[in-house]
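2 protein chains.
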Amino acid sequence: MLRYYANMTDEKTAAAGVAGLLRIQEVAAQIGATPRSVRYWEELGLLRPAARSDGDYRLYDQTDVDRLRFIKGLRDDAGFSLAEIAQLLEDEAARERSHEAYHATTDPSARLRILRDRAARYEHQIRMLRGKIERLTAMVDAAETRLARQNELAAGLAAEMDATAGGPTNNEEHPE
Amino acid sequence: MLRYYANMTDEKTAAAGVAGLLRIQEVAAQIGATPRSVRYWEELGLLRPAARSDGDYRLYDQTDVDRLRFIKGLRDDAGFSLAEIAQLLEDEAARERSHEAYHATTDPSARLRILRDRAARYEHQIRMLRGKIERLTAMVDAAETRLARQNELAAGLAAEMDATAGGPTNNEEHPE
DNA sequence: CCGTACTTTCACGTAAACGGTAATGTTGCG
DNA sequence: CGCAACATTACCGTTTACGTGAAAGTACGG
Numbered sequence: 006m007l008r009y010y011a012n013m014t015d016e017k018t019a020a021a022g023v024a025g026l027l028r029i030q031e032v033a034a035q036i037g038a039t040p041r042s043v044r045y046w047e048e049l050g051l052l053r054p055a056a057r058s059d060g061d062y063r064l065y066d067q068t069d070v071d072r073l074r075f076i077k078g079l080r081d082d083a084g085f086s087l088a089e090i091a092q093l094l095e096d097e098a099a100r101e102r103s104h105e106a107y108h109a110t111t112d113p114s115a116r117l118r119i120l121r122d123r124a125a126r127y128e129h130q131i132r133m134l135r136g137k138i139e140r141l142t143a144m145v146d147a148a149e150t151r152l153a154r155q156n157e158l159a160a161g162l163a164a165e166m167d168a169t170a171g172g173p174t175n176n177e178e179h180p181e
Numbered sequence: 006m007l008r009y010y011a012n013m014t015d016e017k018t019a020a021a022g023v024a025g026l027l028r029i030q031e032v033a034a035q036i037g038a039t040p041r042s043v044r045y046w047e048e049l050g051l052l053r054p055a056a057r058s059d060g061d062y063r064l065y066d067q068t069d070v071d072r073l074r075f076i077k078g079l080r081d082d083a084g085f086s087l088a089e090i091a092q093l094l095e096d097e098a099a100r101e102r103s104h105e106a107y108h109a110t111t112d113p114s115a116r117l118r119i120l121r122d123r124a125a126r127y128e129h130q131i132r133m134l135r136g137k138i139e140r141l142t143a144m145v146d147a148a149e150t151r152l153a154r155q156n157e158l159a160a161g162l163a164a165e166m167d168a169t170a171g172g173p174t175n176n177e178e179h180p181e
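Protein chains in written order, with the numbering used here: chain A, 6 to 181; chain B, 6 to 181.
If you want it as structure tokens, here you go:
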């Protein structure tokens with residue numbers, strides 16, 4: 006028997022079928038992390054596995070893997086701290102509260118508010134990432150400027166070499 | 006009297022004029038770091054101030070500030086470790102060796118080789134940064150997909166609300 | 001049912017990147 | 001020259017993000 010976590014049963018079971026659940030080593034390998042890291046992220050409230058086996062093994066479904074992959078990207082590629090990631094992703098406790106609130110009502114306007122909050126969060130994530138991309142782009146531009154300067158100097162030197170080989174030595178300036 | 010560091014005198018004095026040198030607190034403020042961090046980066050061999058005062062105060066010129074700003078960006082925006090940054094930037098010891106080698110010869114082909122090495126390094130920096138930008142862009146795309154899904158759901162709910170208000174209740178599906 | 005590979009929690013260890021403080025020296029304005 | 005503001009080295013402390021066992025339990029093919 007599997008114990009799925011409360012209020013996550015619906016689409017999680019749907020997404021994973023009745024099986025398709027992975028153990029921690031498997032998901033860790035898939036996202037390029039260690040089981041220890043995945044457990045640590047859970048400890049910080051970044052995610053919660055879809056289910057536990059009878060023997061309390063963590064069992065992850067595809068949405069878990071997606072979230073883990075996103076977390077990994079936010080750390081390795083965007084360089085966010087786990088605390089920042091928790092803010093960005095909304096920690097698991099808040100997610101479950103939100104999910105529960107969504108299902109606790111059938112009032113479309115209440116549900117709409119919840120969805121809009123979630124959308125706002127995604128928009129915030131996107132803004133943060135875009136900001137990082139912009140700054141990285143500026144850094145690339147700076148590096149390209151430096152590269153261009155090197156290439157100009159190199160071209161000057163090459164010209165000097167040609168001149169020396171083909172005619173009288175003309176001593177130009179050669180900064181660095 | 007100022008003691009400029011050997012083999013850095015030429016363009017550093019030129020860039021800074023005879024003065025224009027800043028103390029550590031000033032440069033730290035300019036790049037948004039603490040003096041402690043700047044000293045730590047120096048300790049790891051990431052840079053060396055242009056000069057020291059008679060009383061051994063670190064004195065930085067504009068090229069130092071640029072380099073420090075780049076280091077800060079590589080840490081905060083690109084999320085590189087200081088060790089990785091040392092690789093990327095070529096640590097100060099290697100820089101000085103390269104600089105010295107450049108000036109130790111007047112042979113254009115030898116100089117050309119040095120410049121090409123430096124250019125290759127810049128190109129490597131650019132490739133690394135571009136890789137990061139690509140992965141971040143993929144993450145933005147993923148976030149936008151999630152956002153779009155939310156917005157679709159929200160649109161569905163809004164339609165449901167209109168229908169409920171304007172006519173008979175039509176019960177559609179409403180996943181989350 | 002047995003062994004092996006995997007998993008659990010708990011706990012201690014550690015590398016990186018500084019923060020903070022102490023003891024001391026330097027700058028530079030009035 | 002006197003003093004406030006800043007600097008230096010040295011060193012210990014802290015936080016983050018795990019690594020690395022230990023001790024015990026679980027999953028499962030044969």
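The beta carbon of each residue, even a glycine, is placed where N, CA and C say it ideally should be.
Contact criterion: CB-CB distance below 7 Å. Does residue i meet it with respect to chain B?
i: residue 13 of chain A; result: Here residue 13 of chain A scores only 44 on pLDDT, less than 50, and its place in the model should not be relied on; the value that follows carries that caveat. False, the Cβ-Cβ gap to chain B never drops below 7 Å.
i: residue 140 of chain A; result: yes
i: residue 161 of chain A; result: no
i: residue 116 of chain A; result: yes
i: residue 82 of chain A; result: yes
i: residue 187 of chain A; result: Chain A is shown only over 6 to 181; residue 187 of chain A falls outside these bounds and no answer can be derived.
i: residue 87 of chain A; result: no
i: residue 73 of chain A; result: no
Is the Cβ of residue i closer than 7 Å to any Cβ of chain A?
i: residue 78 of chain B; result: yes
i: residue 95 of chain B; result: no
i: residue 92 of chain B; result: no
i: residue 148 of chain B; result: yes
i: residue 145 of chain B; result: yes
i: residue 165 of chain B; result: yes
i: residue 152 of chain B; result: yes
i: residue 67 of chain B; result: no
i: residue 155 of chain B; result: yes
i: residue 158 of chain B; result: yes
Is it buried or exposed, residue i, if we count other Cβ atoms within 10 angstroms and call 16 or more buried?
i: residue 127 of chain B; result: buried
i: residue 183 of chain A; result: Because residue 183 of chain A is not part of the residues shown, which for chain A are 6 to 181, the question remains open.
i: residue 97 of chain A; result: buried
i: residue 38 of chain A; result: buried
i: residue 62 of chain A; result: exposed
i: residue 116 of chain B; result: buried
i: residue 130 of chain A; result: buried
i: residue 146 of chain B; result: exposed
i: residue 23 of chain B; result: Note that residue 23 of chain B scores 47 on pLDDT, short of 50, meaning its location in the model is unreliable; the coordinates nonetheless yield the value given after this. Burial call: exposed.
i: residue 84 of chain B; result: buried
i: residue 35 of chain A; result: exposed
i: residue 45 of chain A; result: exposed
i: residue 66 of chain B; result: buried
i: residue 160 of chain B; result: exposed
i: residue 59 of chain B; result: exposed
i: residue 17 of chain B; result: Here residue 17 of chain B scores only 39 on pLDDT, less than 50, and its place in the model is too uncertain to base an answer on.
i: residue 153 of chain B; result: exposed
i: residue 88 of chain B; result: exposed
Checklist line | Touching by the beta-carbon criterion (3+ pairs, under 8 Å), the segment 124 to 141 of chain A and the segment 99 to 117 of chain B | finding: Contact check between the segment 124 to 141 of chain A and the segment 99 to 117 of chain B: fewer than three CB pairs, one atom from each, fall below 8 Å, which does not count as touching.
Item checked: Contact the segment 106 to 125 of chain A vs the segment 67 to 86 of chain A: 3+ CB pairs below 8 Å -> No, the segment 106 to 125 of chain A is not in contact with the segment 67 to 86 of chain A.
Next item on the list: Inspect the CB distances between the segment 49 to 64 of chain A and the segment 106 to 119 of chain B and report whether three or more fall short of 8 Å.
Entry: At 8 Å Cβ cutoff, the stretches do not touch.
Next item on the list: May I ask you to list, following chain order, the residues of the segment 34 to 57 of chain A that have a beta carbon less than 7 Å from some beta carbon of chain B?
Entry: Taken residue by residue, none of the segment 34 to 57 of chain A has a beta-carbon sitting less than 7 Å from a beta-carbon on chain B.
Checklist line | Contact set between the segment 123 to 140 of chain A and chain B, restricted to residues whose Cβ is under 7 Å from the partner | finding: Going along the segment 123 to 140 of chain A in chain order, one finds 123, 124, 127, 128, 130, 131, 134, 135, 137, 138, 140 with a Cβ nearer than 7 Å to chain B.
Next item on the list: Just list the alpha helix (DSSP H) runs in the segment 32 to 118 of chain B, keeping only unbroken ones of 4 residues or longer that don't cross its boundaries, in chain order.
Entry: Correct list: 40 to 48, 67 to 81, 87 to 94, 97 to 109.
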